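Chains A and B are the protein sequences, given in the same order.
Position one of the first sequence corresponds to residue 3 (our numbering), numbered consecutively onward.
Position one of the second sequence corresponds to residue 3 (our numbering), numbered consecutively onward.
One structure is given below, encoded as structure tokens.
Protein chains: 2
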Amino acid sequence: MSKAEIPRKSIYRLSIYQRCLHKLLENEVETVSSEALASAAGVKSTQLRKDLTYFGQFGTRGLGYNVKALSNVLNEVLGTTAYQPVILVGVGNLGAALLRYSGFNKEGFEISAAFDANPVRDRRLNGLKTPVYPVDRMCEFIRSKHVRMAILAVPGNAAQPVVNDMVESGVQAILNFSPTVLQVPEEVTVNSVDLALELENLSYFVR
Amino acid sequence: MSKAEIPRKSIYRLSIYQRCLHKLLENEVETVSSEALASAAGVKSTQLRKDLTYFGQFGTRGLGYNVKALSNVLNEVLGTTAYQPVILVGVGNLGAALLRYSGFNKEGFEISAAFDANPVRDRRLNGLKTPVYPVDRMCEFIRSKHVRMAILAVPGNAAQPVVNDMVESGVQAILNFSPTVLQVPEEVTVNSVDLALELENLSYFVR
DNA sequence: AATTGTGAATTGATTCACAGCT
DNA sequence: AGCTGTGAATCAATTCACAATT
């Protein structure tokens with residue numbers, strides 16, 4: 003089955019399963035049923051099984067899944083085995099927090115460099131090991147380090163030009179925190195997280 | 003049509019349309035076609051029109067939509083007309099950044115209080131007007147101020163107990179940044195934003 | 001002439017039901 | 001006996017196609 007036919011939501015859930023498997027690994031659980039894993043991930047067991055079949059057969063009927071083995075498979079599928087350098091562009095409030103945010107490291111990512119229009123804007127960043135460069139050095143960096151993934155946290159009106167440069171230089175996937183709809187060629191993947199929108203959206207459900 | 007039958011994705015898109023309308027308002031555009039508005043929002047025009055029909059008829063055939071009027075309708079539908087106090091729980095790196103993040107204010111939200119297990123952990127917050135209280139005062143605050151919305155940014159293992167307290171005290175909607183699947187009663191709405199997951203997920207698309 | 005509003009058709013995702021292994 | 005894997009059935013969302021309206 004080709005990559006294009008696999009629902010993006012399934013891919014997303016794989017990451018959730020992966021996280022649950024990590025917890026099981028820590029607790030030295032060896033085997034897990036689709037029922038148990040699915041319930042930890044907050045989905046139905048049939049959905050978990052269907053998601054996995056896009057990539058092959060990994061369970062043992064009557065028994066369940068080997069936690070270690072399945073986790074390895076998911077690493078392989080998700081591409082988290084290969085080291086991926088990631089850059090961050092826009093070191094404002096949010097960008098700086100993302101630099102400090104330990105969650106990325108925990109999941110095996112390290113931001114290899116950050117870029118900002120005004121690179122010394124936040125002196126507190128001196129405590130961090132990630133260098134902050136002026137944004138006009140971004141393209142050169144992307145090319146020389148073969149960067150394929152970027153986190154974008156610039157103000158809305160600055161986003162599209164930066165994205166154009168990124169894509170031009172070889173970035174293939176963007177995690178976008180800027181409150182804008184980005185235009186990218188179809189081979190580039192964008193994941194947008196719009197914090198204000200998420201909150202605004204919630205107010206609909208409060209009555 | 004009852005609220006339950008309206009797809010959540012449609013509700014989400016309403017917020018996107020709303021943001022595009024704001025831009026048009028700033029530029030003093032009076033009328034917009036579904037085609038133009040949809041393209042600004044990054045969706046098909048039929049989808050925009052279908053989304054709107056869940057709530058009524060707001061356009062004029064042959065002409066389009068009045069920007070001001072439609073924006074008012076969306077404010078009404080999304081519940082952004084009514085003031086909603088929001089609290090934030092967990093003032094670590096991410097929580098502190100969210101407190102400073104101007105995006106929420108821009109969309110008409112103000113975080114009325116923050117709570118943390120260790121409320122003086124970050125002295126830099128002194129510059130902000132939002133008070134940071136010890137978390138054991140959360141329930142009392144929720145009740146006395148009739149808080150219905152909360153932003154959760156505590157570590158994964160601390161999340162569920164905090165959520166239980168929130169829900170018990172009357173919170174109806176939670177924007178969750180903790181990397182955990184939350185258990186809540188069905189009348190409570192949770193929007194989860196898992197930053198590490200979003201990044202991990204992207205690596206699948208990089209080859 | 002232009003553009004909305006909407007049933008019908010289509011496409012996509014989820015769940016069911018059960019055959020197939022261990 | 002227990003649990004996976006999967007085609008078929010169902011459910012949900014999107015898009016089409018065009019009648020209705022200004």
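Every residue gets a Cβ at the ideal spot worked out from N, C-alpha and C, and that includes glycine.
None of these values were measured; they are calculated from a predicted model.
Cutting at 8 Å between CB atoms, please list the residues of its own chain near residue i, excluding the five before and the five after it.
i, result
"Val186(B)", "Val165, Val169, Ile176 and Val192"
"Val190(A)", "Val169, Val173, Gln174, Ala175 and Ile176"
"Val79(A)", "Leu16 and Phe57"
"Gln49(B)", "Arg15 and Ala40"
"Tyr67(A)", "Thr33, Val34, Ser35, Ser36, Leu39, Phe60 and Gly61"
"Val75(A)", "Phe57, Gly58 and Phe60"
"Gln86(A)", "Phe111, Arg150 and Met151"
By the 10 Å Cβ neighbour count, where 16 or more other Cβ atoms means buried, how is residue i classified, buried or exposed?
i, result
"Thr82(A)", "buried"
"Arg21(B)", "buried"
"Ala84(A)", "exposed"
"Ser36(A)", "buried"
"Thr182(B)", "buried"
"Leu65(A)", "exposed"
"Asp196(B)", "buried"
"Ser146(A)", "exposed"
"Glu28(A)", "exposed"
"Glu202(A)", "buried"
"Asn159(A)", "exposed"
"Arg10(A)", "exposed"
"Glu188(B)", "exposed"
"Ser104(A)", "exposed"
"Asn178(B)", "buried"
"Arg209(A)", "exposed"
"Arg150(B)", "buried"
"Glu112(B)", "exposed"
"Glu109(A)", "buried"
What did DSSP end up calling residue i once you bin it into helix, strand or coil?
i, result
"Tyr135(B)", "strand"
"Gly58(B)", "coil"
"Ile144(A)", "helix"
"Ile18(A)", "helix"
"Leu76(B)", "helix"
"Asn120(B)", "coil"
"Ile8(B)", "coil"
"Gly94(A)", "coil"
"Gly158(A)", "helix"
"Thr48(A)", "helix"
"Asn29(B)", "coil"
"Ala84(B)", "coil"
"Ser2(A)", "Residue 2(A) falls outside the range modelled here, since chain A spans only 3 to 209, and no answer is possible."
"Gly64(A)", "coil"
"Glu202(A)", "helix"
"Val208(A)", "coil"
"Val192(B)", "strand"
"Ser114(A)", "strand"
"Val149(A)", "coil"
"Val186(B)", "coil"
If I measure Cβ to Cβ from residue i and keep anything under 6 Å in the same chain, skipping five residues before and after, which residues do I get?
i, result
"Val31(B)", "Val69"
"Val45(A)", "none"
"Gln162(A)", "none"
"Tyr19(A)", "Ala43"
So, for residue i: in the same chain, excluding its five sequence neighbours on each side, which residues have a beta-carbon less than 7 Å away from its beta-carbon?
i, result
"Leu72(A)", "Leu23 and Phe60"
"Ile8(B)", "Tyr56"
"Leu90(A)", "Gly97, Leu100, Leu101, Ile113, Ala116, Ile153 and Ala155"
"Ser12(B)", "Asp53 and Tyr56"
Review point. If you pair each beta-carbon of the segment 101 to 121 of chain A with each one of the segment 133 to 150 of chain A, do three or more pairs fall below 8 Å?
Key: Touching, per the Cβ criterion.
Practice item. Give the residues from the segment 161 to 177 of chain A that approach chain B closer than 8 Å (Cβ to any Cβ), ordered along the chain. Key: Those would be Gln174, Ala175, Ile176 and Leu177, in chain order.
Practice item. Compile a chain-ordered list of the residues in the segment 86 to 108 of chain B whose CB is closer than 8 Å to at least one CB of chain A. Key: Flagged, chain order: Gln86, Val88, Asn95, Leu96, Ala98, Ala99, Leu100, Arg102, Tyr103, Ser104, Gly105, Phe106 and Lys108.
Point to revise | Contact set between the segment 126 to 157 of chain B and chain A, restricted to residues whose Cβ is under 9 Å from the partner | key: Residues of the segment 126 to 157 of chain B with a C-beta less than 9 Å from any C-beta of chain A: Arg126, Arg150, Met151 and Ile153, listed in chain order.
Check your understanding: Quick one, which residues of the segment 10 to 26 of chain B are near chain A if we go by CB-CB under 9 Å, in chain order?
Key -> Going along the segment 10 to 26 of chain B in chain order, one finds Arg10, Ile13, Tyr14, Leu16, Ser17, Ile18, Gln20, Arg21 and Cys22 with a Cβ nearer than 9 Å to chain A.
Review point. Which residues, in order along the segment 187 to 202 of chain B, keep a beta-carbon less than 7 Å from a beta-carbon of chain A?
Key: Going along the segment 187 to 202 of chain B in chain order, one finds Thr191, Asn193, Val195, Leu197, Ala198, Leu199, Glu200, Leu201 and Glu202 with a Cβ nearer than 7 Å to chain A.
Check your understanding: Along the segment 67 to 81 of chain A, what residues have a CB closer than 9 Å to any CB found in chain B?
Key -> Considering only beta carbons, the part of the segment 67 to 81 of chain A lying closer than 9 Å to chain B consists of Val79, Leu80 and Gly81, in chain order.
Review point. For the segment 34 to 51 of chain A, which residues have a beta carbon sitting closer than 8 Å to at least one beta carbon of chain B?
Key: For the segment 34 to 51 of chain A, the residues whose beta carbon sits under 8 Å from a beta carbon of chain B are, in order, Ala42, Ala43 and Gly44.
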